[in-house]
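Engineer: Here's a structure for you.
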Amino acid sequence: MEGKSQPGIFVLGANHLTASVSLRDRLLFDEAGVGEFAEKLLREEGVSEVAVLSTCNRSEVYGVAAEPSAARLLIEKLWAAHRGVSEDEIRNHGYFHVQTEAVRHLFRVIGSLDSLVLGEMQILGQVKDSYQRASQNHWTDFYLNHVFQAGLHTGKRIHAETAIHEGAVSISYAAVELARKVLGELRGRSVGVVGTGEMGELAAQHFHKAGVKNFLFFNRSLGSAERMAASFGGEAHLLTDLSEKISRCDIVVSATGAPGIVISRELVQNSLRHRHGRPLFLVDIAAPRDIESEVGEVDNTFLFTIDDLKNAVSGNLDLRRQEARKAEAIVDEEAAKVEAWARGLDIVPVLRALREKYQALAEKEVEKWASGQPPELRPHLESLGRGLLNKFLHDPTTRLKLMGEQGDGLRASYYADMLFALAQEEKQHGA
Amino acid sequence: METFVAILKPLLPAAYLVCLWHYARLFFSADEARHTQWANISLAFAFAVHTGLLFGLAAQYHRCPLWTQGEALLFLAWMLAFIHVLSEWSADTRRLGFFTVGPAALCAMAALSFLGRDLVLSENYRSSWFIFHILASLAAYAAFSLAAVLAALYLTLHRKLKHKTFDLTFRKLPPLEKLDKLSAMWSFLGSLLMLASTFIGIGWVRREGLQGMSSREIGIFAVLAVFLSAAGSRRIAGWRGRRHAIWILTGFVVLVLVNLAGLHGFRF
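Protein sequence lines, in the order shown, are assigned to chains Z and C. Everything in the first sequence is counted per my numbering, starting at 1212 for the first residue and increasing by one. Everything in the second sequence is counted per my numbering, starting at 161 for the first residue and increasing by one.
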């Protein structure tokens, strides 16, 4: 029963930690390029399965090969030719992992532990898409299918069991999150953007993404306010109209370049009279400040400055780092399961031989007993044969599988040979 | 039936403690997913034990278990747990379970220490008018309690927002507006139930030909006045947020003080 050594999983890639932006751009696979590359790779000797993950922060080729180190050279050559980079660049600015390390790497990527922004969950969807594309095109088989499915399960566990994805980690998004903490759902809310420069536009983008459809843009000149109103929806007003219109806003983001105060305590107090006690959320991201600090003392008014937003972001990053430890433990746990599964693969040919031998015996016996009997009896005999076969083989199969998973595959094969005479059987078949 | 009640009595505090532990983990730890399921299961179990105990007592005494202090507290605890379930189902307030199921657990445990022997009731107290009066009152108390818990949580989050404290509690609490609206809704509902209870009580007094009015009743009217004026000022003058929360808490404190002296009664 001396079989061939089992194929191994590997990953070859480059990411934001190992390669510059320009090299990452050059290594990036486009939609059509992925297919062409994978098909070409699978036509070569030695690589049996392939999946390609390509995002702006990483390009990685996952595969299964009998000799992963030989496959590495082949992939470097093909990748270099495909994207017009040198093989040395890939080798010097990339990484190559095999077996458990490759599995752990994939799980860490899916769990967003290897991401530029720790805990961003976009990567889970990107890996899912890459895997689906590979699976639909039959570039993957049982090995990568198992590993990727286990990886997606790991990603879901990390998402559910840790808070690694919680809390905004960018200043603009922190403003949106704080607004949600005060006002709840932002759909249907009105956002006043005071100052239509770069910062104002970025804030408007984030609130627009959060579902806000009603904007009021205030600026010294109407031109840029009208442009932003046209792209995000809403109205354009002159800055001088602010005192009159501010009561219509649930959220005010101020980002002007004005040297003095634009929104005073008095202005806010006056506006609240028309708001019937509804809370007002203000963000001051201007330097120097646009909003008088005393505004924060007004009842039902919540004022946040750029420093407050930075503190919120920093707190969230600390939390994510703490949660990353829990996520790493989940990765280790799930990778160990895959490792045990992979070890168990050594015993698969033995189990197959065992089953084939006894299935043939069972079929022979059924044939013997069924001859001369009424034909309606045959299905019952076949069913009896199958039932007995499954019951008799259940315990040996389970035990052998377990030994294989525990890394004792060779001994398991020997026992199986001795007890069930599988090698002898093979020889007879061979003769 | 006595055996059934005897089994459920010690089981009830244990079930609530387990439930509270899971809700505490849900709120105070970052990995809430693991505790969500257990919080649901333990709440369902505690609620089932609680309901079973009430039915058991009713079957044992052949009457509604509402008359003694212990029984009223046990029913109030059940009402608190029930409105938590309602709130969790309608407004997704599961994360707040530690604070909303907590009072139910406390009341249930206190109730068990007061639960005594059966009473001999006069016919007046067996009237369905009286039963509905008590039921509506206890439902109102439960609604006021939930409103007060939500108001306290509102003030906690309000303080954290004003002081820019972005800690775990800050992250776990629902949005300020949600707390404000839910608190207002439950206090208004409590006021309606209390009004209904008052009218039913008046109806019962007239039917039974009772007389007299205790000083505690005036206290109950004061509670009603505070909660109704909180709802009115919110609607008319826009007194929302912090002011409304303080008002609700004031009403709740008055309610507790009024009831510390015991339940009001009538002379036959």
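Cβ coordinates follow ideal geometry from the N, Cα and C atoms, glycine included. The model shown is predicted, which means the values in this text are computed figures rather than measured ones.
Using a beta-carbon distance below 7 Å, is residue 400 of chain C in contact with chain Z?
Structural biologist: If you number the second sequence from 1, residue 400 of chain C lands on position 240. So yes, residue 400 of chain C belongs to the interface.
Engineer: Taking DSSP as the reference, what is the three-state secondary structure of residue 1269 of chain Z?
Structural biologist: Here residue 1269 of chain Z refers to the residue found at position 58 of the first sequence. Strand.
Engineer: Would you mind working out which of Z:1628, Z:1327, Z:1315 and Z:1220 sits nearest residue 1269 of chain Z, comparing C-alpha positions?
Structural biologist: Position 58 of the first sequence, counted from the first residue, corresponds to residue 1269 of chain Z. Per the Cα distances, Z:1327.
Engineer: Would you kindly work out how many angstroms separate the C-alpha atoms of residue 1212 of chain Z and residue 1545 of chain Z, rounded to a whole number?
Structural biologist: Taking the first residue of the first sequence as position 1, residue 1212 of chain Z is located at position 1. Taking the first residue of the first sequence as position 1, residue 1545 of chain Z is located at position 334. For residue 1212 of chain Z, the pLDDT reaches just 42, beneath the cut-off of 50, and the residue's location in the model is therefore unreliable, leaving the point undetermined.
Engineer: Under a three-way DSSP split, which group does residue 1317 of chain Z fall into?
Structural biologist: Residue mapping note: residue 1317 of chain Z aligns to position 106 of the first sequence, counting from 1. Residue 1317 of chain Z: helix per DSSP, three-state reduction.
Engineer: List, in order along the chain, the chain Z residues whose C-beta lies closer than 8 Å to that of residue 322 of chain C?
Structural biologist: The count along the second sequence starts at 1 and reaches residue 322 of chain C at position 162. Per Cβ cutoff of 8 Å: 1507 and 1513.
Engineer: Do you know how far the Cα of residue 397 of chain C is from the Cα of residue 1320 of chain Z?
Structural biologist: Working through the first sequence from its first residue, we reach residue 1320 of chain Z at position 109. Working through the second sequence from its first residue, we reach residue 397 of chain C at position 237. Each residue's alpha carbon lies about 54 Å from the other.
Engineer: Do residue 1526 of chain Z and residue 1612 of chain Z have their CB atoms nearer than 7 Å?
Structural biologist: Counting from 1 along the first sequence, the entry for residue 1526 of chain Z is found at position 315. Counting from 1 along the first sequence, the entry for residue 1612 of chain Z is found at position 401. Result no, Cβ atoms of residue 1526 of chain Z and residue 1612 of chain Z do not sit closer than 7 Å.
Engineer: Excluding five sequence neighbours on each side, which residues of the same chain lie with their C-beta closer than 6 Å to the C-beta of residue 1279 of chain Z?
Structural biologist: Here the question's residue 1279 of chain Z lines up with position 68 in the first sequence. Once the five neighbours on either side are set aside, the close Cβ partners of residue 1279 of chain Z are 1219, 1221 and 1309.
Engineer: Could you tell me the boundaries of the beta strand (DSSP E) in which residue 308 of chain C lies?
Structural biologist: Along the second sequence, one-based indexing puts residue 308 of chain C at 148. It is not in any beta strand (DSSP E) - residue 308 of chain C instead sits in the alpha helix (DSSP H) that spans 288 to 322.
Engineer: Verify whether the separation of the beta carbon atoms of residue 1266 of chain Z and residue 1347 of chain Z is less than 7 Å.
Structural biologist: Sequence index remark: in the first sequence, residue 1266 of chain Z carries index 55 (1-based). Sequence index remark: in the first sequence, residue 1347 of chain Z carries index 136 (1-based). Contact flag unset, no.
Engineer: Output, in chain order, the set of chain C residues within a Cβ distance shorter than 7 Å of residue 1494 of chain Z.
Structural biologist: Counting from one through the first sequence, the residue named residue 1494 of chain Z turns up at place 283. Within chain C, no residue comes near residue 1494 of chain Z; the closest Cβ sits about 13 Å away, beyond 7 Å.
Engineer: Return the chain-ordered list of same chain residues with a C-beta closer than 8 Å to the C-beta of residue 418 of chain C, the five sequence neighbours on each side being excluded.
Structural biologist: Working through the second sequence from its first residue, we reach residue 418 of chain C at position 258. Taken in chain order, the residues that qualify are 376, 379, 380, 382 and 383.
Engineer: Might you give, ordered along the chain, the residues of its own chain that have their beta carbon closer than 7 Å to the beta carbon of residue 314 of chain C, omitting 5 neighbours on each side?
Structural biologist: The residue you call residue 314 of chain C lines up with position 154 of the second sequence. These residues qualify, in order along the chain: 336, 339, 340, 343 and 405.
Engineer: Can you tell me which of Z:1253, Z:1324, Z:1272 and Z:1225 puts its alpha carbon nearest to the alpha carbon of residue 1533 of chain Z?
Structural biologist: Here residue 1533 of chain Z refers to the residue found at position 322 of the first sequence. Nearest C-alpha to residue 1533 of chain Z: Z:1324.
Engineer: Pull out every residue of the stretch 1391 to 1403 of chain Z whose Cβ sits closer than 7 Å to any Cβ of chain C, in chain order.
Structural biologist: Listed in sequence order: 1391, 1392, 1393, 1394 and 1395.
Engineer: With a threshold of 16 other CB atoms inside 10 Å of the CB of residue 210 of chain C, please say whether the residue is buried or exposed.
Structural biologist: Locating residue 210 of chain C in the second sequence gives position 50, counting from the first residue. Residue 210 of chain C comes out buried.
Engineer: Return the chain-ordered ranges of every beta strand (DSSP E) run that is complete within the stretch 376 to 416 of chain C and spans a minimum of 3 residues.
Structural biologist: Complete beta strand (DSSP E) runs here, min 3: none at all.
Engineer: For a contact defined as C-beta to C-beta under 7 Å, what are the partners of residue 1519 of chain Z on chain C?
Structural biologist: Position 308 of the first sequence, counting from 1, holds the residue named residue 1519 of chain Z. Those are 324, listed as they occur along chain C.
Engineer: Starting from residue 409 of chain C, find everything on chain Z with Cβ-Cβ shorter than 8 Å and list it in chain order.
Structural biologist: Reading the second sequence from its first residue, position 249 is the one you call residue 409 of chain C. The contacting residues do not exist; residue 409 of chain C stays about 16 Å from chain Z at best.
Engineer: Residue 1464 of chain Z and residue 1494 of chain Z - do their beta-carbons sit closer together than 7 Å?
Structural biologist: Position 283 of the first sequence holds residue 1494 of chain Z. Position 253 of the first sequence holds residue 1464 of chain Z. Cβ distance < 7 Å, so residue 1494 of chain Z and residue 1464 of chain Z count as in contact.
Engineer: Sort out for me which residues DSSP pairs residue 1226 of chain Z with in a bridge.
Structural biologist: Residue mapping note: residue 1226 of chain Z aligns to position 15 of the first sequence, counting from 1. Beta-bridge pairing links residue 1226 of chain Z to Z:1269.
Engineer: Check each candidate in Z:1577, Z:1513, Z:1614 and Z:1580 and name the one with the smallest Cα separation from residue 1552 of chain Z.
Structural biologist: Against the first sequence, residue 1552 of chain Z aligns to sequence position 341. Per the Cα distances, Z:1614.
Engineer: With H, G and I counted as helix, E and B as strand and the rest as coil, what does DSSP make of residue 357 of chain C?
Structural biologist: Sequence index remark: in the second sequence, residue 357 of chain C carries index 197 (1-based). Note: residue 357 of chain C maps to helix in three-state DSSP.
Engineer: Tell me, please, whether the stretch 1415 to 1432 of chain Z touches the stretch 1388 to 1399 of chain Z by the rule of three or more beta-carbon pairs shorter than 8 Å.
Structural biologist: Because the criterion of three Cβ pairs below 8 Å is met, the stretch 1415 to 1432 of chain Z and the stretch 1388 to 1399 of chain Z touch.
Engineer: Can you say whether residue 1250 of chain Z is buried or exposed, counting buried as having 16 or more other CB atoms within 10 angstroms of its CB?
Structural biologist: If you number the first sequence from 1, residue 1250 of chain Z lands on position 39. Its Cβ having fewer than 16 others within 10 Å, residue 1250 of chain Z is exposed.
Engineer: Short of 8 Å in beta carbon distance, which residues of its chain neighbour residue 1573 of chain Z, apart from the five on each side in sequence? Order them along the chain.
Structural biologist: Here residue 1573 of chain Z refers to the residue found at position 362 of the first sequence. Cβ within range, chain order: 1596, 1597, 1599 and 1600.
Engineer: Given that a residue counts as buried once 16 or more other Cβ atoms are within 10 Å of its Cβ, and exposed if not, what is residue 1571 of chain Z?
Structural biologist: Looking up residue 1571 of chain Z in the first sequence gives position 360. When all chains shown are included, residue 1571 of chain Z counts as exposed.
Engineer: Determine the burial state of residue 1605 of chain Z: buried for a count of at least 16 other Cβ atoms within 10 Å of its Cβ, exposed for fewer.
Structural biologist: Taking the first sequence and counting its residues from 1, the one referred to as residue 1605 of chain Z is at position 394. Exposed is the call here.
Engineer: Give, in chain order, every residue of the stretch 1352 to 1381 of chain Z whose Cβ lies closer than 8 Å to some Cβ of chain C.
Structural biologist: Against chain C - using a Cβ distance shorter than 8 Å - the residues of the stretch 1352 to 1381 of chain Z are 1371, 1372, 1373, 1374, 1377 and 1378.
Engineer: Assign residue 238 of chain C to buried or exposed, taking buried as 16 or more other Cβ atoms, counted over all protein chains shown, within 10 Å of its Cβ.
Structural biologist: Residue mapping note: residue 238 of chain C aligns to position 78 of the second sequence, counting from 1. Result: buried.
Engineer: To the nearest angstrom, how far is the alpha carbon of residue 294 of chain C from that of residue 1488 of chain Z?
Structural biologist: Residue mapping note: residue 294 of chain C aligns to position 134 of the second sequence, counting from 1. Residue mapping note: residue 1488 of chain Z aligns to position 277 of the first sequence, counting from 1. Between residue 294 of chain C and residue 1488 of chain Z, the C-alpha separation is close to 36 Å.
Engineer: Residue 1647 of chain Z by DSSP, collapsed to three states: which one?
Structural biologist: No statement about residue 1647 of chain Z is possible, as the shown extent of chain Z runs from 1212 to 1642 and does not include it.
Engineer: Express the C-alpha separation of residue 264 of chain C and residue 165 of chain C in angstroms, rounding to a whole number.
Structural biologist: Mapped onto the second sequence, residue 165 of chain C falls at position 5. Mapped onto the second sequence, residue 264 of chain C falls at position 104. Cα to Cα, residue 165 of chain C sits roughly 19 Å from residue 264 of chain C.
Engineer: Note the first and the last residue of the continuous alpha helix (DSSP H) segment covering residue 1382 of chain Z.
Structural biologist: Within the first sequence, the letter at position 171 stands for residue 1382 of chain Z. Here the alpha helix (DSSP H) through residue 1382 of chain Z covers 1382 to 1394.
Engineer: For chain Z, check one thing: does any of its Cβ atoms lie closer than 7 Å to the Cβ of residue 335 of chain C?
Structural biologist: In the second sequence, counting from the first residue as 1, residue 335 of chain C sits at position 175. So, interface residue.
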